[in-house]
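Protein chains in written order, with the numbering used here: chain A, 7 to 227; chain B, 7 to 68; chain C, 116 to 330; chain D, 1044 to 1288. By construction, the Cβ of each residue, glycine as well, lies at the ideal position given by its N, Cα and C atoms. Owing to the predicted nature of the structure, the values given are computational and were not obtained by experimental measurement. Okay, structure first, notes after.
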Amino acid sequence: MTAWWTLMLRDLRLAWRSGGAAGLSLGFFVMATSLYPFGLGPDPVTLASVAAGLIWVTAMFAALLSLDRLFQADFEDGTLTQLLLSKLTAPGIVFAKITAHWLGVMLPLIIVSPLLALILGLPGSAIGPLMLSLVVGTPALSCLGAVVAALTVAVRRGGALMTILLIPLFVPSLIFGAASVEAGLVGTDPSGALLLAAAVSLFALALAPVAASAALRLAAE
Amino acid sequence: MTAFLDSLGPHGPYILGAYGVVTAGLVGLAYDSLMRRKQWRKRRDSARGDARRDASNTGEGS
Amino acid sequence: MLTLDSVAIRRGDKLLLTGVSFALRAGEAVHLKAANGVGKSSLLRAVAELLPVAAGSIAHQNAHGPAEAADQVALLDEQPGLKASESLRGNLTSLSILLSGRTPGAGELDAVADRLGLAPLFDSPVRYFSTGQRRRAVLARLLLSARTLWLLDEPYTGLDQAGRALLDTLIAEHRNAGGAVLMTHHGDVPDMSVIDLMGHVPQVAPDTGDDGERW
Amino acid sequence: MHYFANPTRFQRLMDILRPWVVGVMLAMLAYGLLAGTVFGPADRLQGESVRILYIHVPSAWMAMFIYVAIAAASFVALVWRHPLALIAARASAPIGAVFTLLALITGSLWGKPTWGTFWVWDGRLTSVLVLFFLYLGYMALWQALEDEEKAGRATSILALVGTVNIPIIKFSVDWWNTLHQPASVVRLDGPTIDPSMLWPLLAMGLAFKAYYVWVLFARMEALMDARRVQAAQLRAAQHAAGGAL
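Right, here's the structure in full:
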């Protein structure tokens, strides 16, 4: 098994073990989404009109919860140093971390999202577009999150700081992701927004290994 | 003065408000920057002064 | 294996060491003797190419010519580099794949565990290890990393008498097998050429005049 | 470029330039305010409130200009490890943030008479809002990292990542704006600007740039002296400890 798969699967395992972020994010995602009706009222019509946007915003915050420990755990116990001396290049390490984060944290959110769509009164027809928009849009969250996580790895309570740094960068994914679901609802063609969301994710995928590995090398000095 | 206000038309207060905010913002920022520079210049000179005194003491002492 | 040419180390604005030069060939070992806080750990990280040098150069060579630190360096510092929630077997398997590039056989793992007296703990999470056991686990990683240049930063800390003797024999075996060792220790170490880093600490004059290039 | 890396030499340069910078600022400000704000023509559609244009548009220009300046300085700092470029970037951020805030406030004060509400999710205003968050993030990262030298490089990487994402954010916000576009909204900078308004506007733009350079010099000198105090204290501590332990 190559070094890359070893690191990725190990991180995936750790994400779901105690202290890992996956369960935490999933719990937050479900609870926060089911909180909205208490604020907005139970009327399905009003809820359905904002459901896609709410689910997307909550998915972003769920991602944020799991990102600040992405590199910090390895930084604190010295594993990061060993990784930088391993057969993997720094971008390789970053890419493994991003993949483990997406599979470990984001995918479970996507799998649960139909349940939350129903809670928020989203019609059944919109569930497919919602999941598709999340599949296409959330990789950008993991990639940009990895960059900022690497930048704030040496900051003790980096979580709050990360939110400030990441929200502006998350705006495009949110706009295109939520819009593609809206389009599905209104009956217009969602492919435009979907492709744009995918483009943002691909761009983030290209940017993240370069920027994050520079930040990692800096942190490990 | 009121003639001037009338000449600005119904939206006069917004115009004055905008200029007031910008003036306050830019003057405030300039003031903060100049004070910051003066304060640090003073602290640098005093820090450099202490260093010279240390150097001269140890010079005689050793 | 390794050549340092008038290397200087800087941490932030502070110049820690200057003019450090030595060479290290297969089978040799160098002991960098210095008190704490002088910058010996930083020097090791510079040799491992994790920290850029402020001046001078560090060159790695292997049998085929110039090489990268990541090809031949194994670094042992104060951090264990082990995942607390994983078992020692899981940790060592992953690390040996990551560091040596090949999957260790079960027999090989057990042999290393026996050698270091960790066999009974092999399948329990590293979280429950005592300091001494944790340091021995780090030695196990060192053995499995199959790296030729060992960089050991205060390796004796946390080891009991038996552990220290074990480390000495491991070092001797590593050198006989053609490996090299660069070690930092504030005390004395048997049969290693010593470099006293205290001679390389720049004397600092108080700042009196115009700061020219410096601040 | 390395000629000016020496702090004292750069300080002499600043002292030479400063009177010119302040002179340009005052001259441009005087012309812009008189020719534009006070005696300039009113706009056919918006009437008098268009006078806010002379401070809103230059502020928005400066908000963008300074962020790009920070990115350029960060790039120089990262590639050539140029300490002064880093200090220029760090000193510029608060100025950029102030300009962004002023652009937002004047934008909303301009929006009130035109659309009757203080805040309108117009594409450009929204982009400036997101830019404001980027400034806050940049400054927050400077505060969060204790190690001065690492903070410099981390913030430089963030500034570059931020800059690379600005076009995407701008495009997505405009795309989003056209998606939710209410009926014909009067664009903030009005129809094509006729020359009688353009020259004062450009003058104000130049005045704001000169202002930026002037305040930047002051904040840079403060940061440079702060570094010198820190270095002097460090040396004094080392010297008191007899060079080393």
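- If you check the CB distance, G84 of chain A and G196 of chain C come in under 8 Å.
- Listed in chain order, the positions of the stretch 1136–1169 of chain D with a beta carbon within less than 8 Å of a beta carbon of chain B are P1137, I1138, V1141, L1144, L1145, I1148, T1149, L1152, W1153, K1155, P1156.
- A distance of 8 Å or more separates the beta carbons of W1164 of chain D and G1154 of chain D.
- Chain-ordered, the chain A residues with CB closer than 7 Å to the CB of R1196 of chain D read L224.
- Within the DSSP bridge table, the entry for N177 of chain C names C:G180 as partners.
- Interface with chain D (8 Å Cβ-Cβ cutoff): D128 of chain C is included.
- With a 10 Å radius around the Cβ and a threshold of 16 neighbouring Cβ atoms, K1252 of chain D comes out buried.
- Beyond the five residues adjoining it in sequence on each side, G171 of chain C comes within less than 6 Å, by CB distance, of D120, S121, V122, A123 in the same chain, given in chain order.
- When Cβ-Cβ separations below 8 Å define contact, V33 of chain B makes no contact with chain D.
- The secondary-structure analysis by DSSP pairs I124 of chain C across a beta bridge with C:L132.
- For H107 of chain A, the enclosing alpha helix (DSSP H) stretches over residues 96–107.
- Membership of A189 of chain C in the beta strand (DSSP E) is indicated by the continuous run 188–191.
- For H17 of chain B, the secondary structure class from DSSP, reduced to helix, strand or coil, is coil.
- Residue contact with chain A for K198 of chain C: present (Cβ-Cβ distance below 8 Å to some residue of chain A).
- Of the residues A:L113, A:P196, A:L46, A:A214, the one whose Cα lies closest to the Cα of M66 of chain A is A:L113.
- Contact between L213 of chain C and S92 of chain A holds: CB atoms are separated by about 4 Å, below the 8 Å threshold.
- Taken atom to atom, the span from the alpha-carbon of F44 of chain A to that of L1203 of chain D is near 41 Å.
- Shown here, G1090 of chain D sits in a strand according to DSSP, grouped into three states.
- For E1191 of chain D, the chain C residues whose Cβ falls inside 9 Å of its Cβ are G127, D128, in order along the chain.
- Restricted to the stretch 1147–1188 of chain D, the alpha helix (DSSP H) segments that are unbroken, complete and at least 4 residues in length are 1166–1187, listed in chain order.
- At least one CB of chain C lies nearer than 8 Å to the CB of A1274 of chain D.
- Here M1182 of chain D is actually not in contact with A1146 of chain D; their C-beta atoms are around 17 Å apart, not less than 8 Å.
- Within chain D, not a single residue places a beta-carbon under 7 Å from that of R59 of chain B; the smallest gap is close to 10 Å.
- Contact annotation for G171 of chain C against chain A: no contact, minimum CB-CB distance about 17 Å [criterion: below 8 Å].
- In summary, the residues of the stretch 1246–1279 of chain D whose CB is separated from some CB of chain C by less than 9 Å are M1267, R1270, R1271, Q1273, A1274, A1275, L1277, R1278, A1279, in the order they occur in the chain.
- Note on G164 of chain A: 16 or more other CB atoms within 10 angstroms of its CB, so buried under the neighbour-count rule.
- Chain order gives no chain C residues near Q78 of chain A, where near means a beta carbon separation below 7 Å; the closest approach is about 13 Å.
- Judged by their CB atoms, T1149 of chain D and I1211 of chain D are not nearer to each other than the 8 Å cut-off.
- The three-state secondary structure of V1207 of chain D, taken from DSSP, is helix.
- Contact between A146 of chain A and L136 of chain A does not hold, since their C-beta atoms are separated by about 17 Å, which reaches or exceeds 8 Å.
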